[in-house]
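Data first, discussion second: the structure below is written as structure tokens.
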Amino acid sequence: MPKHTENALTDRKILNAKSKDKQYKIFDGKGLFVLIHPNGSKYFRWEYKFEGKRKTLALGVYPETTLKHARDERLEARKLVHEGSDPVKVRRKIKSEKKLVLKAEQGLDQLSFENVAMEWWKRQSLNQTEKHAREARRSLENHVFPHIGFKRVDEITTKEVKVLLLDLEAQGKGETAHRVQQRLRSVFQYAIMQEWTDRNPASDLHKLLNPVKKQQMKALPLKEFPNYLQRLDEDNLELHLVTRTALKLIVMLFVRTRELIEAKWEEIDLESATWRIPAERMKLRVEHLVPLPKQALFLLQDLKIITGGSEFVFPGDRNPKQPMSNNTLLYGGIYRMGLRSRATIHGFRSLASSILNESGKWNPDAIERQLAHSEKDQVRAAYNRAKYLDERRMMMQWYADHLDKLQLKAK
1 MPKHTENALT DRKILNAKSK DKQYKIFDGK GLFVLIHPNG SKYFRWEYKF EGKRKTLALG
61 VYPETTLKHA RDERLEARKL VHEGSDPVKV RRKIKSEKKL VLKAEQGLDQ LSFENVAMEW
121 WKRQSLNQTE KHAREARRSL ENHVFPHIGF KRVDEITTKE VKVLLLDLEA QGKGETAHRV
181 QQRLRSVFQY AIMQEWTDRN PASDLHKLLN PVKKQQMKAL PLKEFPNYLQ RLDEDNLELH
241 LVTRTALKLI VMLFVRTREL IEAKWEEIDL ESATWRIPAE RMKLRVEHLV PLPKQALFLL
301 QDLKIITGGS EFVFPGDRNP KQPMSNNTLL YGGIYRMGLR SRATIHGFRS LASSILNESG
361 KWNPDAIERQ LAHSEKDQVR AAYNRAKYLD ERRMMMQWYA DHLDKLQLKA K
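The UniProt record's numbering puts the first residue of the sequence shown at 1, with every later residue one more than the last.
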């Protein structure tokens with residue numbers, strides 16, 4: 001830990017400290033410093049060593065927390081360390097105990113933020129995959145309920161929500177802070193519609209957070225696509241037939257990874273050449289139809305000889321009662337082919353979208369429907385599902401034929 005003169009900071013120094021392109025620290029001494037973010041936010045932090053590990057304790061946001069208060073908090077925290085207690089764990093315990101006391105005092109208040117948020121979550125989870133619903137709940141339980149879960153939803157202030165979000169960002173959890181803000185905004189909006197509160201203290205707080213750069217899913221460059229298709233058929237690649245078939249189908253049918261690897265034989269009708277993916281496995285919780293081109297039918301017919309005794313089209317190697325893992329496709333397929341830095345499985349969806357749209361042969365709505373992208377107008381969505389099925393069947397056959405032609409161009 002760098003050594004600095006004790007009490008080196010003043011309110012004026014903190015106030016005059018300007019933001020820079022990257023976050024930086026100004027030190028007060030004995031581990032106390034102010035962390036200054038590019039957006040101008042300033043956080044008191046105390047760095048200390050406990051049981052051989054360096055740790056950081058959040059002491060508050062400036063100017064809501066004064067310099068004097070931060071120093072007092074540091075002094076109390078140092079005493080805990082000397083007594084053999086970790087200040088971070090002590091604080092968590094105190095917060096948990098306070099929450100229990102407040103809950104006991106208030107009783108089971110139906111308008112507590114936690115109760116309102118869980119009611120919102122139950123409704124939302126009906127339209128989400130199990131994975132997304134679980135992530136949303138865990139986010140609320142870990143980052144929100146310990147701070148404001150016990151308070152009545154109509155008593156929570158913008159300042160309280162702001163401190164919660166900025167503290168998450170200061171911990172280096174910028175993307176988490178944005179997601180929490182979106183969920184908070186939705187919970188408060190739900191409370192407004194139920195007439196439990198008349199304001200949304202989280203509505204505009206995303207503007208205070210640093211923007212998060214979105215990482216695009218890498219799509220294989222089109223010029224490399226023919227060679228990739230050719231390599232999938234090479235014997236020296238040493239790919240298991242089940243993995244090889246999965247990689248071929250995920251390119252040909254451009255479905256999401258989970259939709260493919262958890263496919264069951266009961267979902268696939270080889271006679272009508274249709275794969276019906278149930279709503280619970282779809283990102284938007286809406287049943288999805290995948291017309292199967294003849295090339296896909298040939299692959300599935302051959303595969304059924306091997307895996308037809310299993311519930312799953314692509315059973316796991318170690319446990320055939322479970323589906324193939326995502327890692328099998330990544331490490332056993334994409335990475336083995338040397339594409340670790342140049343492509344992701346999801347990128348094949350982007351590639352299919354580009355090829356189909358640029359061909360000019362297909363209605364953009366039919367392409368979007370086959371990609372199972374969201375449709376804001378639910379009536380229009382239902383209409384499109386029926387209207388474009390015939391076109392999608394022709395489109396899927398055209399795309400499979402197009403892949404065959406690309407493969408012939410491989411060097």
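Note that CB positions come from ideal geometry on N, CA and C, so glycine has one too.
Rounded to whole angstroms, what is the Cα-Cα separation between residue i and residue j?
i, j, result
"L229", "R349", "15 Å"
"G172", "K248", "39 Å"
"R276", "S354", "24 Å"
"K42", "E280", "44 Å"
"A117", "L297", "46 Å"
"F145", "I156", "12 Å"
"I305", "M394", "27 Å"
"K18", "K162", "20 Å"
"N326", "F254", "15 Å"
"H373", "A136", "21 Å"
"L9", "D28", "5 Å"
"L241", "P291", "23 Å"
"L166", "G52", "29 Å"
"T65", "I36", "14 Å"
"S139", "N227", "42 Å"
"L299", "F50", "59 Å"
"Y399", "L356", "8 Å"
"A170", "L371", "37 Å"
"E160", "Q110", "20 Å"
"T274", "M324", "22 Å"
"residue 412", "T243", "There is simply no residue 412 to check, as the chain begins at 1 and stops at 411 in what is shown."
"R54", "Y48", "6 Å"
"R258", "L59", "42 Å"
"H143", "E114", "12 Å"
"L389", "Q407", "27 Å"
"R256", "Q397", "19 Å"
"D11", "L164", "23 Å"
"K409", "G40", "55 Å"
"E358", "G347", "17 Å"
"K223", "Y190", "49 Å"
"L270", "P293", "10 Å"
"I268", "V286", "17 Å"
"K20", "V81", "33 Å"
"A77", "V61", "17 Å"
"L232", "A263", "21 Å"
"R45", "I94", "19 Å"
"E311", "L329", "19 Å"
"V187", "P320", "41 Å"
From what residue to what residue does the beta strand (DSSP E) around residue i run?
i, result
"F27", "24-29"
What is the residue span of the alpha helix (DSSP H) that residue i lies within?
i, result
"G174", "174-193"
"K162", "158-170"
"F150", "From DSSP, F150 is part of no alpha helix (DSSP H); its letter is neither H nor E."
"V251", "241-253"
"L406", "389-408"
"D365", "364-370"
"S354", "347-359"
"W120", "113-125"
"P226", "225-231"
"L260", "257-261"
"R318", "Looking at the DSSP string, R318 is not in any alpha helix (DSSP H), and its letter there is neither H nor E."
"H132", "130-143"
"residue 448", "Because the chain is modelled from 1 through 411, residue 448 falls outside the range shown and cannot be assessed."
Using 10 angstroms around the beta-carbon of residue i, count the other beta-carbons present and answer buried if the total reaches 16, otherwise exposed.
i, result
"I261", "buried"
"K151", "buried"
"P38", "exposed"
"M252", "buried"
"L303", "buried"
"S341", "Any reading at S341 must be qualified, since the residue scores a pLDDT of 41, below 50, and its modelled position is unreliable; the value itself is stated next. It counts as exposed."
"S112", "buried"
"Q301", "exposed"
"H288", "buried"
"G149", "buried"
"Q194", "exposed"
"Q63", "Inspection of the sequence shows that residue 63 is occupied by Pro rather than by Gln. The residue is exposed, with fewer than 16 neighbouring Cβ atoms inside 10 Å."
"L126", "exposed"
"L168", "buried"
"G107", "For G107, the predicted model reports a pLDDT of 48, less than 50, meaning its position is unreliable; a value from the coordinates is still stated below. Result: exposed."
Within the present structure, is the beta-carbon of residue i separated from the nearest heavy atom of the ligand GDP by less than 7 Å?
i, result
"H143", "This structure does not include the ligand GDP; it has no bound ligands of any sort."
### Task
Assess, as a yes-or-no matter, whether the stretch 194-213 is touched by the stretch 132-139 under the definition of 3 or more beta carbon pairs within less than 8 Å.
no
### Message
Report the start-end ranges of each beta strand (DSSP E) in the stretch 37-74 that is 3 residues or longer and not cut off at the edges.
### Response
42-50, 53-62
### Runs of beta strand (DSSP E) lying entirely within the stretch 274-301, each at least 3 residues, in chain order
274-277, 288-291
### Query
On the three-pair Cβ rule with 8 Å, is the stretch 166-180 touching the stretch 193-200?
no
### Task
Could you tell me whether the stretch 16-34 touches the stretch 70-78, where touching means 3 or more Cβ pairs closer than 8 Å?
yes
### Query
Would the stretch 118-127 and the stretch 84-94 be scored as touching if the rule is three or more Cβ pairs under 8 Å?
no
### Query
Would you call the stretch 309-320 and the stretch 351-366 touching, i.e. three or more CB-CB distances under 8 Å?
no
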